[in-house]
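Visitor: Remember, my numbering sits 14 above the position in the sequence shown when you count from 1.
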Amino acid sequence: SNYPALILLHGRGANEDDLLGLAEYLDDRLLIVSARAPFPFAQGGGFTWYEIEEMGKPEQKMFGESYRKLTQFIDEVTKGYPIDPSKIILCGFSMGSVMSYAIALTRPEVVAGVAANSGYIPEGADLKIQWNELERKPFFIAHGVYDPVIPVSFARRAKDLLEPHKAAVTYREYDMGHQITEESLNDMMQWLTQHI
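#1: Rounded to whole angstroms, what's the CA-CA distance from A134 to K180? Just pull it up for me.
#2: Counting C-beta neighbours from all protein chains within 10 Å, is the total for G158 16 or more, i.e. buried, or is it exposed?
#3: Which residue wins for smallest C-alpha separation from R170, given the options A182, I155 and L40?
#4: Any idea what DSSP makes of N16, helix, strand or coil?
#5: From V183 to K173, what does the alpha carbon distance come to, in whole angstroms?
#6: What distance in whole Å lies between the Cβ atoms of I143 and L104, which are believed to be in contact at a cut-off of 8 Å?
#7: Where does the unbroken beta strand (DSSP E) through F154 begin, and where does it stop?
#8: Let me know if D140 comes out buried or exposed under the rule of 16 or more other beta-carbons within 10 Å of its beta-carbon.
#9: Assuming the contact rule is C-beta atoms closer than 8 Å, G106 and L176 should be a hit. Round their C-beta distance to whole Å, please.
#10: Grab the span of the beta strand (DSSP E) containing S108 for me, first residue to last.
#11: Skipping 5 residues on each side, what residues in its chain have a beta carbon closer than 8 Å to that of E123?
#12: Taking the CB atoms as reference points, tell me whether N29 and G58 lie closer together than 8 Å.
#13: Taking C-alpha atoms, which residue in M113, Y17 and P136 lies nearest to G25?
Below you can see the structure in the form of structure tokens.
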């Protein structure tokens with residue numbers, strides 16, 4: 015039988031092991047796959063999806079390369095594992111959330127939902143966003159009000175962009191910084207269980 019899949023996308027300076035610690039808390043029915051960003055992160059090790067030109071704006075060439083590789087990765091995972099292609103959920107943290115939004119908003123037909131932790135929609139990137147295809151598409155947005163890395167205004171902006179297109183947005187702010195806490199993880203777990 016085919017399983018619902020959760021694809022984990024880590025933040026800058028981490029690797030594919032970073033979010034795998036969440037796996038033990040998540041719904042047993044999920045087949046969980048964790049991706050590694052393509053570029054080594056020079057400042058401090060780990061990997062990155064792109065360099066940052068300014069807040070909320072990825073460097074275009076690296077971002078485009080990561081976007082292509084991630085698209086290919088999702089297609090290969092879908093073909094290579096016993097996955098239900100109608101139930102692929104992307105779960106990102108920080109820069110991984112940015113990549114999750116990028117895929118879901120340009121290829122909504124391949125993504126069943128997005129859990130975006132401490133991220134933003136990359137409006138500055140050269141993406142052909144399919145705004146008209148987002149009706150009832152589930153998005154879980156979690157962000158810390160004290161986030162010093164990506165201000166909470168970016169999460170509010172994502173919500174404001176998605177809601178007019180009738181996406182099914184679950185929006186939560188937490189008393190936290192740039193992180194996933196027990197509280198935000200619990201809410202995400204419940205959301206995941208509802209959508210698989």
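Idealized CB from N, CA, C, for every residue including glycine.
Guide: On the basis of the coordinates in this document:
#1: Going by the sequence as given, residue 134 is Tyr instead of Ala. Computed Cα separation, rounded: 18 Å.
#2: G158 should be labelled buried.
#3: Shortest Cα-Cα distance from R170 to any of A182, I155 and L40 involves I155.
#4: coil
#5: 7 Å
#6: Not really, about 15 Å apart at Cβ, beyond 8 Å.
#7: P152 to G158
#8: exposed
#9: 15 Å between Cβ atoms; not a contact.
#10: Per DSSP, S108 belongs to no beta strand (DSSP E) and is neither H nor E.
#11: So the qualifying residues of the chain are E147.
#12: In this structure, G58 does not lie closer than 8 Å to N29 by Cβ.
#13: M113
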